[in-house]
Amino acid sequence: QVQLVESGGGLVQAGGSLRLSCAASGRMFSIATMGWYRQTPGKQQELVAVITSAGRTNYADSVKGRFTISRDNVKNTWYLQMNSLKPEDTAIYYCNYNNIQTGYNYWGQGTQVTVSS
């Protein structure tokens, strides 16, 4: 079992920055992906960024060049640095940990990010 605890959301003006953190505890897997998704009312959940155990990253087109995902393997924590934030980035952000071998997903509790214009 893996537990994820998020932190770092909040209210920021357009053009500002926020950093989200996701701390994992419990049994970790050698082959996994760590990522961030976001959800707004009436819209499908969207993959924002993902980083693999090998360190490969992938981003949604809408955040490329503005967001950066990174991880600290010692702390079992991954981060989402969000720069040049736009009002359309407003959403609840969820961190995700996926066991590649089983396909099972673990989710954080979600953190609200609100970008004012």
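In this note's numbering, each residue's number is its place in the sequence shown (first place is 1) plus 507. We put the CB at the ideal spot given by N, CA and C, even for glycine.
Which whole runs of the beta strand (DSSP E) in the segment 515-571 are 3 residues long or more, in chain order?
The qualifying runs are 517-520, 525-533, 539-546, 553-559 and 564-566.
Of the choices S591, L527, A521 and A531, whose alpha-carbon is the least far from that of V509?
Among S591, L527, A521 and A531, the Cα nearest to that of V509 belongs to A531.
Between which residues of its own chain and T575 is the CB-CB distance below 6 Å, once the five residues before and five after are set aside?
So the list reads Q588, once near-sequence residues are dropped.
Starting from S623, trace the beta strand (DSSP E) in both directions and tell me its first and last residue.
Residues T618 to S623.
How big is the Cα-Cα spacing for G549 and T597?
In a straight line, the C-alpha of G549 is about 13 Å away from that of T597.
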